[in-house]
Every structure is written in C-alpha cells, then in structure tokens.
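**Student:**
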Amino acid sequence: MPHFKEGDKVNYKPVGGPQSRTSMSVGLVREILGGRSSSDEETRYTIENLHTHKTSSIKERNIEGPAE
C-alpha cells in the first residue's frame, strides 16, 4: 500500500538510493505506479520536481518523507 498520495509534497533523492550522497530534492507526487515488473514489488511514484518542473519515476525507498 502506498505511503503517499497524489498531490503530496515530498523530499526525495532522485538518483542513487536513500544512502547516496545525492542532494535532496523537493517535488509533488503526480501519480502512483506499481512495481515495473512482477519481481519488483516496490511502489514507484511519478514526482514533479518543484525547481525544474521535470517528472521522474522514483521508488518509495528514495522518498525521505513529507516536505514542509
């Protein structure tokens, strides 16, 4: 079950996983996706970056939580 809903403002790491040294980004959840394959059960989200307005598919584990 997804932890976030469409329209939520979240902090996330766009690449490298949650432990990477990649800087944090802020975006809006635009769509909730399932795993890309039957072996990938992790929920993905389409997130629109609030700075660049580009969208990316982000795994749930790369989302740090709600943004303020």
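Numbering follows full-length UniProt numbering, in which position 21 of the sequence shown is assigned residue number 21; successive positions increment by one, without gaps.
For each residue, glycine too, the CB sits at the ideal point set by N, CA and C.
#1: In the structure shown, what three-state DSSP assignment does GLU60 receive?
#2: Going straight from the alpha carbon of SER38 to that of GLY27, what length do you get?
#3: From the DSSP output, read off the bridge partner residues of PRO66.
#4: In or out: VAL10 buried (at least 16 other Cβ within 10 Å) or exposed?
#5: So, at 8 Å on beta carbons, what are the nonlocal neighbours of LYS54 in its own chain, with the 5 sequence-adjacent residues on each side left out?
**Tutor:** Answer, in terms of the structure:
#1: helix
#2: Unreliable placement is indicated for SER38, whose pLDDT of 48 sits below 50; no coordinate value is reported for it.
#3: VAL10
#4: buried
#5: Here the set comprises GLU48.
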